[in-house]
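For reference, the structure is listed below as structure tokens.
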Amino acid sequence: MLPFVARRLAALVVVLLGMSLVTFVITNLLPADPARVSAGPHASNADVERVRRELGLDRPLYIQYAVYVRNLATGNLGTSVRSRQPIAAEIRRHIAATVELTLVAIVVYVAIAVPLGVIAAAHRAGWVDSLTRLGAVGGSAVAPFWLALLLQLVFYRMLAWLPAGGRLPLDVPPPPAVTGLFLVDSLLAGDLHTLGIAARHMVMPVTALALGRLGLTTRMTRAQMVLELAQDYVRTARAKGQAERVVLYRHALQNALNPIVTMVGIQTAYLLSGTVLVEGIFRWPGLGQYALDAIIEMDVPAVLGVALTSSLFFVLVNLAVDVFYATMDPRVRVS
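If you want this note's numbering, it's the 1-based position in the sequence shown plus 254.
Here you go:
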């Protein structure tokens, strides 16, 4: 197993280097001038050139990239031209909110999608199957940001049942920071009041993210379960008199897990790095909101840092999926 993980980690480094080059080139093609943004809108040309020299932007691009990669090796993502703060520190402050939102959304949609797919496959061609497939297709067609706006209109503006956004109201102090996840930290502190408030603030953004991912995983689970339920070992298990729940969940679902785990992994990476619009709508102070503010302010180093962080999410999730495969199926390690 260790050689397998070592090979995957080596590939991870190569992918990150490639992504750093791509994002560096793309951000340097943008029309924004980081030196002018950093100097301010009323700065003179002399001040802009002075800032350009301070930031090292007067050097050739290949030297800028070499310095950038060297800094990356030490965990230095550069300095924000807006706040003049280290980008790595700012990302660390925002990342916990995105991770919490993503984890809750994953738990919600997996807990709904997998049983729905199993039930639909068990009642193939019946009304339950048809209704599930219709709902899955409809859910996949709904854009998360549109659903977020609709939820905000109904449950905040019209019914006033849920808060408009944010992680906590301004008059409620956050729980003592242990993990940065408000739900977990509230439980650790025994603060059920803050736990309830934080959970209410998560209902709408989690719903918007989870429903958008629900359809794909439901359809994948159903398709794999239909294939597995047609196998001989399922007929043998039923002939032996095993309960249908045991046949479905212990035998068929276990053998159908590999592509489902792949789908969940892809969706997890997407949620971790693609919550910009939903976080912006709900003013959720996560990585997506930070990226949106950086784009609006033309903070090129911050945008580059967020892009690399998103790439890191993808490769780490793919690594976790590969390790899961290798653990469950030794043939993967051999190949």
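All residues carry an ideal CB built from backbone N, CA and C; glycine is no exception. Fair warning: this is a prediction, and the values are worked out from it, not measured in the lab.
The residue among Val569, Ser394, Gly450, Arg304 with its C-alpha nearest the C-alpha of Leu263 is Val569.
Within the model, the alpha-carbon separation for Gly393 versus Pro314 is close to 49 Å.
For Pro513, the uninterrupted alpha helix (DSSP H) run begins and ends at 511-527, by DSSP.
By the criterion of a C-beta distance shorter than 7 Å, Ile341 is surrounded in its chain by Leu331, Gly332, Thr333, Ser334, Pro555, Ala556, Gly559, once the five residues flanking it on both sides are discounted.
Note on Glu308: under 16 other CB atoms within 10 angstroms of its CB, so exposed under the neighbour-count rule. Residue pairing by DSSP places Thr333 opposite Pro340 in a beta bridge. Going by C-alpha positions, Pro423 is about 24 Å away from Val362. C-alpha of Arg306 to C-alpha of Asp439: approximately 43 Å in a straight line. Going by DSSP, Met479 is part of the alpha helix (DSSP H) stretching over 446-483. Straight-line measurement puts the Cα of Leu463 at about 35 Å from the Cα of Leu256. With a 10 Å radius around the Cβ and a threshold of 16 neighbouring Cβ atoms, Gln508 comes out exposed. Taking a cut-off of 8 Å on C-beta distances, the segment 496-515 does not touch the segment 436-453, as fewer than three cross pairs fall below it.
For Ser384, the enclosing alpha helix (DSSP H) starts and ends at 381-395. Thr433: not part of any alpha helix (DSSP H); DSSP gives it neither H nor E. The beta-carbon distance between Val532 and Pro459, rounded to whole angstroms, is 6 Å. This is short enough to meet the 8 Å contact definition. Distance check between Ala431 and each of Leu442, Arg421, Asp425 places Leu442 closest, using alpha-carbon atoms only. For the pair Leu573 and Gln521, the Cα-to-Cα distance works out to about 14 Å. If the five residues before and after Pro427 are omitted, its C-beta is found closer than 7 Å to no C-beta atom of its own chain. Just so you know, the alpha carbons of Gln318 and Leu311 end up roughly 7 Å apart.
Distance between Asp553 and Arg336, taken at the CA atoms: about 6 Å. Bounds of the alpha helix (DSSP H) holding Arg324 are 315-327. In chain order, Leu435, Phe436, Leu437 place their CB closer than 7 Å to the CB of Glu354, counting only its own chain and leaving out the 5 sequence neighbours on each side. Secondary structure at Gln496: coil, using DSSP grouped into helix, strand and coil. Remark: C-beta atoms of Thr352 and Gly519 do not approach each other more closely than 8 Å. Taking C-beta separations shorter than 8 Å and ignoring five residues to either side along the sequence, the partners of Ala402 in its chain run Met458, Pro459, Ala462, Leu531, Val532, Ile535, Phe536, following chain order.
The straight-line gap separating the alpha-carbon atoms of Ser274 and Thr472 is approximately 35 Å. Just so you know, the alpha carbons of Thr581 and Phe258 end up roughly 10 Å apart. For the 8 Å CB-CB criterion, Leu526 and Ala367 do not form a contact.
Ala548 is the residue among Phe567, Ala548, Leu357 whose C-alpha sits nearest the C-alpha of Gln339. Phe578 and Val269 have their C-alpha atoms roughly 20 Å apart.
Around the CB of Ile360, 16 or more other CB atoms lie within 10 Å, so the residue is classed as buried. Gly371 sits in a helix when the DSSP states are folded into three classes. The segment 473-484 makes contact with the segment 494-510: 3 or more CB pairs, one atom from each, lie closer than 8 Å. Cβ neighbours of Ala397 within its own chain (closer than 8 Å, five residues either side excluded): Gly466.
Considering only Trp538, Pro295, Val501, Ala365, the residue with the shortest C-alpha distance to Arg421 is Trp538.
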